[in-house]
Structures are given as structure tokens and as C-alpha cells.
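Read through the structure below, which is laid out as C-alpha cells, and then see the notes.
Number of protein chains: 4
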Amino acid sequence: MSVRRGGEEPAAFVTGVHVYFQDTDAGGIVYHARYLDFLERCRMDWLRSLGHPVRELEARHGVLFIVHAIGIDYLRPGRLEDALRVELGLERLGGASLELRQRVTRDGEVLVSAQVRLACVDAAGLRPARIPPALRERLGTHGRTRSGMTTTTTATTCPT
Amino acid sequence: MSVRRGGEEPAAFVTGVHVYFQDTDAGGIVYHARYLDFLERCRMDWLRSLGHPVRELEARHGVLFIVHAIGIDYLRPGRLEDALRVELGLERLGGASLELRQRVTRDGEVLVSAQVRLACVDAAGLRPARIPPALRERLGTHGRTRSGMTTTTTATTCPT
Amino acid sequence: MSVRRGGEEPAAFVTGVHVYFQDTDAGGIVYHARYLDFLERCRMDWLRSLGHPVRELEARHGVLFIVHAIGIDYLRPGRLEDALRVELGLERLGGASLELRQRVTRDGEVLVSAQVRLACVDAAGLRPARIPPALRERLGTHGRTRSGMTTTTTATTCPT
Amino acid sequence: MSVRRGGEEPAAFVTGVHVYFQDTDAGGIVYHARYLDFLERCRMDWLRSLGHPVRELEARHGVLFIVHAIGIDYLRPGRLEDALRVELGLERLGGASLELRQRVTRDGEVLVSAQVRLACVDAAGLRPARIPPALRERLGTHGRTRSGMTTTTTATTCPT
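Protein chains in written order, with my numbering: chain G, 2 to 161; chain D, 2 to 161; chain U, 2 to 161; chain Z, 2 to 161.
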């Protein structure tokens, strides 16, 4: 695999986010936990873009994705009225879990970099559940289409 | 009824709230929508103090209280590390609704004053539902005990 | 003035909002305080659309808009993955204050209706301050353009 | 160092947190980003307990602590009306940074485990700044008192 530089790698999926007062704190910058909200918006937009909004995943397939682990690095502060990009790349596709690489950028600069592990669970009991085949197929295709790889375990699209 | 002055009326129920970074915005003050969270904490603590935490209301009685209307006045800004009091008084007890007077104070000064109308609904369909008798009894007693009134339609305990 | 029906009046300004998990609560619906966030996004987008993002208002003119009062009615619950419209109409333009009519709709149905009074204050001391003339001019024009009125005290564009 | 079991180690500092509707999402559990709020409340309570509330750190010393990195594992879901404990142990005390081990428990069960790196920065420019000596002294004492260690680089008090 060739070396890739962080700022230039095309992301698999991108959502725009604007910074409002509600996203900031008295330190004058974006409140650190708010980035997890931004990351979630991107993930939900991404699933919806694949034809599987979370409401459909629950109603039709009886499953939810819940966050199992997050590692997040805060590199630069976001500010009021910033126009941010939230990016997402699929790193690993397991039977009942996903690993994503996400980051938040502003004018090409990385503000936040995150690694997110999601678990697919049954909505009723929150026990591990297989990712629905219809979504799995899209995730594989999605990785392949975007990254040029031929396996469903795609390379990260947001390397740091 | 004798005239009562706003700052000195004992409230029917009081919850303490501390102001953290998460509650503030880049204006350096408590973010305005956060007060609705503070008011909710007080209402849930109050129901729990009456022996009816909302989880029990749903599990045993199949009802939820949802907010139907709020009128809120912002009088003075809250600040980081403030120790606030959130107060609540029952103003009106209907068959399937409640009206509360709430306010947030700091060292006796009123920061926020609010009027809140709650609707009791069935948890499944969110349609109007009778307030469970066991809770209703406590609400009547609660008003009576605290305000010296003998009807369940109690006087406000947080006049402005 | 002719009678206007609520659902059909064109709003002066509209922002789209999508409902994510972060916006909901365990009742399965949009958490009531979150609508205040949605309303704020619309107001900030509106000021930015007029050429006066809040960051510029503070940096150049030394003023902030803070919320003085909100009256909000919750008519129907919002749900996960809903695509909402947040609308805004200027009702009254004072020397150091604004009154807005806002509402949140889904497919033409009103979920939430609100009346919001903003105060213009100096950013340092939070004391009342005149609305900067450059913005005032835009607000007047804005009202005039949209509602066909010739005074800066425009009619509401979101009557209930 | 002897082996320690996760659930029984006394934490250096503990804050109680109650779960309200505002903390949950439509999945019926505590919204994942909310735990970062809980962790922050514990950190701010802890600094205040040491005689250095963040407001004083900024006003007197001109510094802020900002989050540089968080790694968080979600082990069990929190629920509405849960009474949670948020614990904190100092792991490493650097010149301009701190590393903390935090976790959220319910009846002795760990719901969330986190590693948090804080940077001390000057409040004006957000550049790295030395931890104020008065606080540093308390942090050293604090670690020593609680863990029986004699250096300021204390052992974790919340091992997993």
C-alpha cells in the first residue's frame, strides 16, 4: 500500500456542519463533547446515503448501531461560525461491528481525528446482532467503489 | 390572599444545579436552552421525591409527562461555576395536565422564571391520559402541605 | 390587514434541520429543549444570510444578541430521521431588541410554534446596545422585501 | 505493584450523576456523548474540591484545561433514572498536561471507562502553559494522600 498523506485523501463520505452558539462553551471554542455529535450526524447521514437510515434499520431489521468505543484526538479548536467538514471512512467491517475513521476539518486543517467502533445490536435487548445483509452488501460496495479495493475490509480513507 | 414578594416565597421543591463548561456558550454565559434542562432535572427530582420517578410512571402506569408549552423569561445571565437553585411550584392540577411555576436563582436573585405546562400521555401513543390516581393524591397533598391550601389547585409558590 | 392562515404563509427565512439520535430522548421523540437549538440555528443562519454573522457582529460592532424571552408551544412530536423546516419571521424591530415568530414544521405540519424576544447587548458587559445601523437597514429591507410592508416593523410571517 | 481488580479500587474522587430524559436518546439508553459531560462534571468538581475551580484558574492564573485526547469504552448501557457514580484518578502529572483515568459505574458495575488527557493552556491564546504551582502542589498531595505513593506521578486509581 502506498503512503498517503492525511490532508489529501478523499474521504468515503462527508457531511457539512456549521458551528452555532449551542456548540461552543465559555472557553470561546467548540465544546469537546460536541464533536461526538458532529461525528454521529456524519455516520447517520452516511447510512442514509446508503439507503439504510437508522429508523429503517430498526423498523425493518430490528437492529441499532451503538458506539462501543471512541478514541478522539483534539488537534485544533473549532470556533463560532466555522464551516466544518465531517468525514468518514470505513476501516473494518465485522460480522456484528464496524470500525470507522472519522475526522473534522476546516479549510483542509484537521481539528479532530477519531476512531469509532460501532456494534450492531438487536433494538430490543441490545445484544450483538448480525449486520443486515442488505446493508452489508452496500458497505462492501461502498468501500470498493470509493477506495478501489476489492474486499469488504476497506482501507481507511482518513489516515492521519 | 396576602401579597407575596417573589424572592422570599418558599418553593414547593428545590434542586441544586452547578454550572459546568457544558452549560455555557461562547458568549461566556449559560446557554439559554440549558435552563430547560435545569428545569427538567427539578421536575424529575420532584416526581421522584413524591415516590413516582418517571421510569416507574411509565413501567407501572404506562404514562409519560411531555412538555406542552413553556414561557421563559431570562432576567440575569448565569456564569461558569455558579451554584444555582432550581425551584418548582404546582400552579394547576388538571385531569391530564399540570401547570408549574419554575425559576432558577443564584444567591436569592432570579436568573430565569418559567411557566411550564405538562401533558400526561400514554407512553405508547402519546395520547392524553389521566394522571395516575396514586400520583394525583400526592400532588394534592403536596400542594396542601406546602401552601396551606385545601384544594388540589394550589397557589403558585414561585410568584414573579 | 387580511386574515392569514398559519400553514400557508411564506416565512421570511427557512433553515433545514435533520433529526439525529442526539436530538431525541428515551420517550422516542425529539427532546423538548432541542427545539431551542433548532430555532437558534435558524436565527444565526438568518443573520448570516443578511451579511451579519454573529461573529462579525461581535468582532466589528461589539454586540451580541441574547434571548430575553421565549414562549413555545409543542403541538406534535418530532421523530428520529425527520427532515424538519425551521422558519422565522421578524415581528417587531426595536432600538435594542427584536421580536421573532418562529416555528418548526414537517411536511407542512407545525410541530412547534415559538415567539422569541432578543436583546442586543454589548458583548463585554451584556448591557442593552443599539442594533448596529448596517444590520438594522438590512432588517428593514428584509421585512419590506418579504412581506410587502413599507415599515421596518414588519408583520409576522409565521402567524399561528 | 499488586494486582488490583477493577470494581473495588477506591477512586481518588467521585461525583454522583443522575440520568434525566435530557441524557437519553431514542434508543432508550444514555446517549453516548453525554458521558463526556458526566466525566467533565467530575473533573470540574475535583478541581474545585482541590480549591481551584476553573473560574479561579482562569481569573487568577489565566489558564484553562482543555481536552487533548479521550479514549472511551462503552461497556454497559445507562438508563433513565439511573444513579451513577463518576470516578476519577490521576494517572500522570506533566508540566503542562494531566492524564486521568475516569469511569462511570452503577451499583459497582462499570458502564464506561475512559482515559483523558488534558492540556493546560493560557486562556487567551490557547497555547501550552505550565500548570499553576499552587494547583500542582495539591495534585501531588492529592495523589500521595489517596494512593499512598510518594511521587506526584500517581498510580491510576481506576484500573480496568
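In this text, a Cβ means the ideal position worked out from N, Cα and C, and glycines have one as well.
As the structure is a computational prediction, the values presented were derived from the model and not from experiment.
Measure from the C-beta of Ile71 of chain U to each C-beta in chain C and report whether the shortest distance is under 8 Å. No chain C is present in this structure, whose protein chains are G, D, U and Z.
Helix, strand or coil for Pro129 of chain U? Go by DSSP, reduced to three states. strand
In the DSSP assignment, what residue or residues form a beta bridge with His19 of chain D? D:Ala84
Exposure of Ala84 of chain U, with buried meaning 16 or more beta-carbon neighbours within 10 Å: exposed
Same chain, Cβ closer than 6 Å to Ile132 of chain D, neighbours up to 5 away in sequence not counted: Cys121
Is Ala34 of chain U helix, strand or coil by DSSP? coil
For Ala120 of chain U, three-class secondary structure by DSSP: strand
Report yes or no: do the segment 92–99 of chain D and the segment 83–97 of chain U share at least 3 C-beta pairs separated by less than 8 Å? no
Would you call Gly17 of chain G buried or exposed, if buried means 16 or more other Cβ atoms sit within 10 Å of its Cβ? exposed
So, at 7 Å on beta carbons, what are the nonlocal neighbours of Ala115 of chain Z in its own chain, with the 5 sequence-adjacent residues on each side left out? Leu40, Ile71, Gly72, Ile73, Gln103, Arg104
Can you tell which of G:Asp38, G:His62, G:Gly28 has its C-alpha closest to the C-alpha of Pro134 of chain G? G:His62
Contacts that Gln103 of chain D makes with chain Z (C-beta to C-beta distance below 7 Å): The premise fails here: Gln103 of chain D is roughly 15 Å from chain Z at the closest Cβ pair, so nothing lies under 7 Å.
Among G:Arg80, G:Leu76, G:Leu99, G:Gly90, whose alpha-carbon lies nearest the alpha-carbon of Leu112 of chain G? G:Leu76
Have a look at Z:His19, Z:Arg137, Z:Arg139, Z:Pro78 and flag the residue whose alpha-carbon is nearest the alpha-carbon of Arg42 of chain Z. Z:His19
Between Leu119 of chain G and His53 of chain G, is the Cβ-Cβ spacing less than 8 Å? no
In this structure, how does DSSP classify Asp46 of chain Z when only helix, strand and coil are distinguished? helix
Using 10 angstroms around the beta-carbon of Ala125 of chain U, count the other beta-carbons present and answer buried if the total reaches 16, otherwise exposed. exposed
For Val38 of chain Z, return the contacting residues in chain D, with the cut-off set at a CB-CB distance below 7 Å. At residue 38 of chain Z the sequence reads Asp, which differs from the Val that was named. Within 7 Å Cβ-Cβ: Gln23.
Give me the Cα-Cα distance between Val15 of chain D and Gly90 of chain D, rounded to the nearest whole angstrom. 9 Å
Could one say the Cβ of Pro54 of chain G lies closer than 8 Å to chain U's Cβ atoms, at least one of them? yes
Go ahead and pull the three-state DSSP assignment for Ala156 of chain Z. Unreliable positioning characterises Ala156 of chain Z in this predicted model, as indicated by a pLDDT of 31, which lies under 50. The coordinate reading is nonetheless provided below. Here Ala156 of chain Z sits in coil by DSSP.
Please list the partners that Asp74 of chain U has in chain D, where partner means a Cβ-to-Cβ separation under 8 Å. His69, Ala70
Is there a Cβ of chain U sitting closer than 8 Å to that of Pro133 of chain D, yes or no? no
Using a Cβ cut-off of 8 Å (strictly closer), state whether Pro129 of chain U contacts chain D. no
What's the call for Arg128 of chain G, buried or exposed, on a 16-neighbour Cβ count within 10 Å? exposed
Ignore the nearest five residues each way along the sequence and tell me which others in Arg35 of chain D's own chain have a CB closer than 6 Å to its CB. Asp24
Tell me the rounded alpha-carbon separation between Leu37 of chain U and Ala13 of chain Z. 38 Å
Under the DSSP definition of a beta bridge, which residues are partnered with Val113 of chain U? U:Tyr75, U:Val105
Using a Cβ-Cβ cut-off of 6 Å (strictly less than) and excluding sequence neighbours within five positions of Leu136 of chain U, which residues of its own chain qualify? His53
Considering only the beta carbon of each residue, do Gly79 of chain D and Val31 of chain D sit closer than 8 Å? yes
With distances taken between CB atoms, is the gap from Ile67 of chain G to Gly28 of chain Z smaller than 8 Å? yes
Residue of Z:Glu138, Z:Glu100, Z:Arg107 minimising C-alpha distance to Arg44 of chain Z: Z:Glu100
With H, G and I counted as helix, E and B as strand and the rest as coil, what does DSSP make of His53 of chain U? coil
Can you check which of these residues, G:Glu88, G:Thr106, G:Glu59, G:Leu48, is closest to Ala130 of chain G by C-alpha distance? G:Glu59
Helix, strand or coil: how does DSSP classify Ala27 of chain D here? coil
Chain U contact for Leu81 of chain G (CB, 8 Å cutoff): yes
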